[in-house]
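Every position in the sequence shown, counted from 1, becomes a number in the numbering used here once 545 is added. C-beta atoms are modelled at their ideal positions from N, C-alpha and C, and glycine is treated no differently. Some notes on the structure that comes next.
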Amino acid sequence: MQEWRKMALLMEIRLQKNEKRNISSDYHVQYAANHLEKAKDVFMKAMKILWIYIAQWKEK
């Protein structure tokens with residue numbers, strides 16, 4: 546019975562460690578997603594400026 550309790554305790558500790566890793570992983574995924582969204586916004590603004598510049602250049 547003592548061995549079973551040790552095994553159960555070890556399994557519980559492993560589960561808690563995995564949960565902490567998953568939370569940390571979720572945070573990093575969200576952090577990366579936010580930065581990608583910001584990069585996309587900057588890229589889209591740059592493309593709009595470029596298209597305006599090209600349109601004005603063609604008119605000349």
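- Apart from the 5 residues on each side of it in sequence, M556 has no Cβ closer than 6 Å to any other Cβ in its chain.
- The alpha-carbon separation between K585 and K565 amounts to approximately 30 Å.
- When secondary structure is reduced to three states using DSSP, K605 falls in the coil class, being assigned neither helix nor strand.
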